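Below you'll find the structure, written out as structure tokens, and then a few comments.
Residue numbers (this note's numbering): 156 to 582.
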């Protein structure tokens, strides 16, 4: 954190600037933003973001190199969601980090989650631009240039990277962004930005039309257009929970490419965390191992405080119970009791993770007190190219959960962005 930039921003803040931020976002996204946007970005060093980006990339590569982990994850993919022609690597990756105090009192990062699935790449770029304009950041910090993109990218090369990852040289008319009921998703602003910038259609995945070995979509002018590549934003656990019957079989061999092959949603996910061995990763085990094998002793050996009693009412204050394939914090249980864990049927226990709970360190000084920050690194990995950290996304919160849905009634919390000072160019 950079205290002098934080202080200067807080001193110049005015409510009308925040109102301007929200107006700019709606204008640029073409839709109102229905989740809470924070009144402030955060100001951190480029070194911190680069270190987080390197840590996330290293973890992803270790998962991809671990044949046992990948094979176990493949066997956990639900029936009906094992898509053929799995790619050698995911096209998208996100890694979420908390900032905590270690035993020595030092502020250090810890992995919260890692997921090979797209995030709000389009919206986040617009949010950074809107913060810069609404709060006149270039004037508030005279002589200090502020960067936002990672990996040596700028706005133009960022969108070029996304185009290579999503469109991949196809005619944009033959590329679609698919989601379940996209017009009623809170991420619609991101879909609108992405569709407009890349020239691709946004389509409800239930409206795809199979014919022969191809999938098609209905163009606005009524034509049935063949799809060559799908930028998939439909989350598998939502499809499963809502028992959505798609008009095509995901497990059939369609003549189509995926920008973000669906299998990677499962292969790099919370399922991967027990397989990772790194000081940046909090200890975790599958619930089945915890209750039926050596998971309890492994957590204890890793230094996680656990109750010394087997009383059904005993509470695991230092653990989180997480469904493996949920998104946006759905289904997470804080302080699970022994009774709750035992109540989960044995057949379902492999679908849950027990992970050491971390105490986010409040580091962002706001008019409403110190606030916690969760930093997500957004990566793109075009076919045949390198894994590239592209941009960061920030969630600010003062509660147990950092997601924007869990901080909607507070101020100076919600979806945010990170800026970092850069070296001024030579005169």
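Cβ atoms here follow ideal geometry from the backbone N, Cα and C, with glycine treated the same way.
Predicted model, so just to flag it, every value in this text is computed and none were measured.
Cβ-based neighbour list, residue i, same chain, cut-off 6 Å, excluding 5 preceding and 5 following
i, result
"residue 319", "537"
"residue 270", "249 and 424"
"residue 211", "250 and 532"
"residue 416", "241 and 242"
"residue 577", "300 and 302"
"residue 228", "421, 422 and 426"
"residue 237", "406"
Range of the contiguous beta strand (DSSP E) that encloses residue i
i, result
"residue 413", "412-414"
"residue 439", "439-441"
"residue 575", "573-577"
"residue 260", "Looking at the DSSP string, residue 260 is not in any beta strand (DSSP E), and its letter there is neither H nor E."
"residue 334", "330-334"
"residue 247", "247-256"
"residue 532", "527-535"
Burial state of residue i (16 or more Cβ within 10 Å)
i, result
"residue 410", "exposed"
"residue 246", "buried"
"residue 407", "exposed"
"residue 339", "exposed"
"residue 216", "exposed"
"residue 547", "buried"
"residue 185", "exposed"
"residue 311", "exposed"
"residue 418", "buried"
"residue 183", "buried"
Rounded straight-line distance, which links the Cα of residue j to that of residue i
i, j, result
"residue 441", "residue 450", "7 Å"
"residue 501", "residue 544", "39 Å"
"residue 147", "residue 316", "The displayed coordinates of the chain run from 156 to 582. Any statement about residue 147 would go beyond what the structure contains."
"residue 567", "residue 166", "14 Å"
"residue 580", "residue 298", "Caution is warranted here: a pLDDT of 44 is assigned to residue 580, below 50, making its placement in the model unreliable, and the coordinate value is therefore given only provisionally. Between residue 580 and residue 298, the C-alpha separation is close to 11 Å."
"residue 177", "residue 196", "14 Å"
"residue 161", "residue 202", "17 Å"
"residue 366", "residue 379", "10 Å"
"residue 517", "residue 274", "25 Å"
"residue 189", "residue 341", "6 Å"
"residue 507", "residue 447", "13 Å"
"residue 488", "residue 474", "9 Å"
"residue 290", "residue 572", "13 Å"
"residue 361", "residue 225", "29 Å"
"residue 220", "residue 180", "40 Å"
Spatial neighbours of residue i in its chain, beta-carbon cut-off 7 Å, leaving aside the 5 residues before and after
i, result
"residue 394", "335"
"residue 208", "305, 532 and 544"
Residue span of the alpha helix (DSSP H) that contains residue i, given as start and end
i, result
"residue 352", "343-353"
"residue 313", "310-321"
"residue 208", "201-219"
"residue 367", "It is not in any alpha helix (DSSP H) - residue 367 carries neither H nor E in the DSSP assignment."
"residue 453", "450-456"
Reference residue i; option with closest CA among the options
i, options, result
"residue 515", "567, 523, 529 and 326", "529"
"residue 213", "573, 352 and 534", "534"
"residue 251", "268, 476 and 345", "268"
"residue 307", "371, 204, 478 and 403", "204"
"residue 353", "385, 361, 369 and 363", "385"
"residue 495", "447, 476 and 414", "476"
"residue 493", "445, 479, 452 and 522", "445"
"residue 343", "523, 234 and 388", "388"
"residue 457", "443, 435 and 464", "435"
"residue 329", "309, 550 and 355", "355"
"residue 433", "400, 463, 472 and 266", "266"
Own chain partners of residue i with C-beta closer than 8 Å, once the 5 adjacent residues on each side are dropped
i, result
"residue 174", "none"
"residue 553", "517, 523, 524, 526, 527, 562, 565 and 568"
"residue 485", "392 and 478"
"residue 383", "325, 326, 329, 330, 411 and 412"
Min CB distance residue i to chain B below 9 Å
i, result
"residue 220", "Considering every chain present, this structure includes no chain B. It has just one protein chain."
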